[in-house]
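Student:
2 protein chains.
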Amino acid sequence: MSDIKTIDVKADIIETNDTYTKEVRAFLKEQGVFLINLMASPGAGKTTTLIRTINALKDRYKIGVMEADMDSDVDAKLVSETGAKVIQLHTGGSCHMDALMTIDGLKNLGIEDLDVVILENVGNLVCPAEFDVGANLRVMILSVPEGDDKPLKYPLMFSVSDILLVNKIDALEVFDFDIDKLKDNVTPLNENISIYPVSALNGDGFDDYIAELIRRIEDEGH
Amino acid sequence: MSDIKTIDVKADIIETNDTYTKEVRAFLKEQGVFLINLMASPGAGKTTTLIRTINALKDRYKIGVMEADMDSDVDAKLVSETGAKVIQLHTGGSCHMDALMTIDGLKNLGIEDLDVVILENVGNLVCPAEFDVGANLRVMILSVPEGDDKPLKYPLMFSVSDILLVNKIDALEVFDFDIDKLKDNVTPLNENISIYPVSALNGDGFDDYIAELIRRIEDEGH
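So the protein lines, in turn, are chains G and L.
Under the working numbering, the first residue of the first sequence is numbered 340, with each subsequent residue one higher.
Under the working numbering, the first residue of the second sequence is numbered 340, with each subsequent residue one higher.
Spelled out as structure tokens, the structure:
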């Protein structure tokens, strides 16, 4: 997989992030690209979700992927097998992507021939929520094994996300996880969030999620 | 549970952390207290592991707990039911505890009557690995649903930990997780780490882990 480009990006401080957020938004608009920021804990199923999403959308859109990782290339290799244009971003130990890293990544990826770019953020429920990378849509994943109490402990991530995928519902019977309790914990933080129980492994629940993605992408004029 | 003390602690920068690490170590030595830093992703089972650990050790040692959380008190309430002396630390949005927050926490907890203090760090596989809080022992948890590839993606956490608990082995049959593959991924990063497959839910595998904890605590002269 030697065709996967790798660049090293450095963290910028949170205060100056907003300047670059505007720059990302202007660049996306100019290029006619819709950017999705995909966020979750390590092991929640980001990469499996990403691959299933690409496969569902790739006949309709030209898709690019930015794989943010602290220093490995594991996910980029897997994702490139979908045929999407993939770039690996090394955050140099930073626990999140910021807007400066994002614009750097978009330019290195080369987005002039793309419709949709998905950023797979660093696995983390904390830092990525604090840094607005200028995406058109923020999708977060909470997986069943993590527990239905997580909105109480990591509220910001649930507050800033547009879509919440509740992943690994195929494992519901072995975990003490209550979807209604989860919804009760999320709603006070964010009443507009769309919640989809899914299994990225077997595809259950994905149709409705993909339909909303397409609607959101079309609403932006793509 | 109004007897749970809550203080707000602020993040210090990584460069000055080392000064405070020495201060934490000196304070622990002076007070004869053994500090365990417990780290993991959100939902890996930190609190369940902590409660089972306290129950296994509480006849032998006087135990204190520092519950680090961004802004909730969920875990502290549960943990205080074990009878351990518990303090809630709010990190004010920071994704980890540092040594300055730790010394602040230890002083507010009051450790003169304790033998062992366990710090439940913020749920995060990235930042807590970067900040040495001055603990005598670093225990990390990786849960089966997170996947056996995590050492490749979050290497620092596996490098700095003394003990790795592979939690939720009761769910092994529903996940594609290979313990041998995990060990192959961990060993190049840290050949001295002790690995224990456990179920914090039903207690499987805990005896060996607890035996090592007691050995480590005794080795420090407690």
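All C-beta atoms, glycine included, are put in the ideal place defined by N, C-alpha and C.
(1) Would you mind sorting R399/G into buried or exposed? The rule is 16 or more other CB atoms within 10 Å of its CB.
(2) Which parts of the region 408-469 of chain L are runs of the beta strand (DSSP E), unbroken and 3 residues or longer, counting only runs that do not cross its ends?
(3) Which partner residues of Y535/L appear in the DSSP bridge assignment?
(4) Taking Cβ-Cβ distances below 9 Å as the criterion, which residues of the region 399-411 of chain L are in contact with chain G?
(5) Say the cut is 6 Å; is the CB of L476/G nearer than that to a heavy atom of the ligand MN?
(6) Listing by chain order, which chain L residues have their CB less than 7 Å from the CB of D488/G?
(7) Select from the region 439-470 of chain G all residues with a C-beta closer than 9 Å to any C-beta belonging to chain L, and list them in chain order.
(8) By the criterion of Cβ-Cβ separation under 7 Å, what are the contact partners of G382/G in chain L?
(9) In three-state DSSP terms, what is R554/L?
(10) Taking 7 Å as the threshold (C-beta atoms), are V483/L and K507/L in contact?
(11) Would you kindly work out how many angstroms separate the C-alpha atoms of L540/L and S498/G, rounded to a whole number?
(12) What residues in its chain sit with their C-beta under 6 Å from that of K489/G, if we drop five residues either side in the sequence?
(13) Any idea if P527/G is buried or exposed, counting beta-carbon neighbours within 10 angstroms, 16 or more meaning buried?
(14) Cα-Cα, which of I549/L, D454/L, C466/L and V413/L is closest to C434/G?
(15) So, V472/G versus A438/G, is the Cβ gap smaller than 7 Å?
(16) Is the shortest distance between the beta-carbon of V425/L and the beta-carbons of chain G less than 7 Å?
(17) Which residues does DSSP pair with G403/G in a beta bridge?
(18) Could you list which residues in chain L have their beta carbon closer than 7 Å to that of G542/G, in chain order?
(19) Tell me the DSSP bridge mates of A379/L?
(20) Indicate whether T386/L and D412/L have their beta-carbon atoms separated by less than 7 Å.
(21) Of all the CB atoms in chain G, is at least one closer than 7 Å to the CB of V478/L?
(22) Can you pull out the residues from the region 527-559 of chain L whose beta carbon lies closer than 8 Å to at least one beta carbon of chain G?
(23) Return helix, strand or coil for K349/L, following the three-state DSSP convention.
(24) Do S380/G and G462/G have their C-beta atoms within less than 7 Å of each other?
Tutor: Answer, in terms of the structure:
(1) By the neighbour-count criterion, in which a residue is buried when 16 or more other Cβ atoms sit within 10 angstroms of its Cβ, R399/G is exposed.
(2) Counting only runs of 3 or more, we get 424-429 and 455-459.
(3) According to DSSP, Y535/L bridges with L504/L.
(4) Of all residues in the region 399-411 of chain L, D408, M409, D410 and S411 have a Cβ within less than 9 Å of some Cβ in chain G.
(5) Among the components modelled here there is no ligand, and therefore nothing to report on the ligand MN.
(6) Residues of chain L passing the Cβ test: V413.
(7) Per Cβ criterion, the list reads V461, G462, N463, L464, V465, C466 and E469.
(8) What G382/G touches in chain L: S380, P484, E485, G486 and K489.
(9) The three-state reading of DSSP puts R554/L in helix, counting H, G and I together.
(10) It is a contact, given that the beta carbons lie within the stated cut-off.
(11) Cα to Cα, the separation comes out at about 30 Å.
(12) If we look at K489/G and ignore the five residues flanking it on each side, its Cβ neighbours are L481.
(13) P527/G should be labelled exposed.
(14) That would be C466/L, whose Cα lies nearest to the Cα of C434/G.
(15) The answer is yes: Cβ separation under 7 Å.
(16) With 7 Å as the cut-off, V425/L does not count as an interface residue toward chain G.
(17) Beta-bridge pairing links G403/G to K424/G and V456/G.
(18) The contacting residues do not exist; G542/G stays about 16 Å from chain L at best.
(19) A379/L is bridged by DSSP to I480/L.
(20) Not a contact, by the Cβ cut-off of 7 Å.
(21) By this cut-off, V478/L is not an interface position.
(22) Hits within the stretch: zero.
(23) Reliability fails at K349/L, whose pLDDT of 34 lies under 50, so the model's placement of it is uncertain and the value that follows must be treated cautiously. In this structure, K349/L counts as coil in the three-state DSSP scheme.
(24) Between S380/G and G462/G, the CB-CB gap stays under 7 Å.
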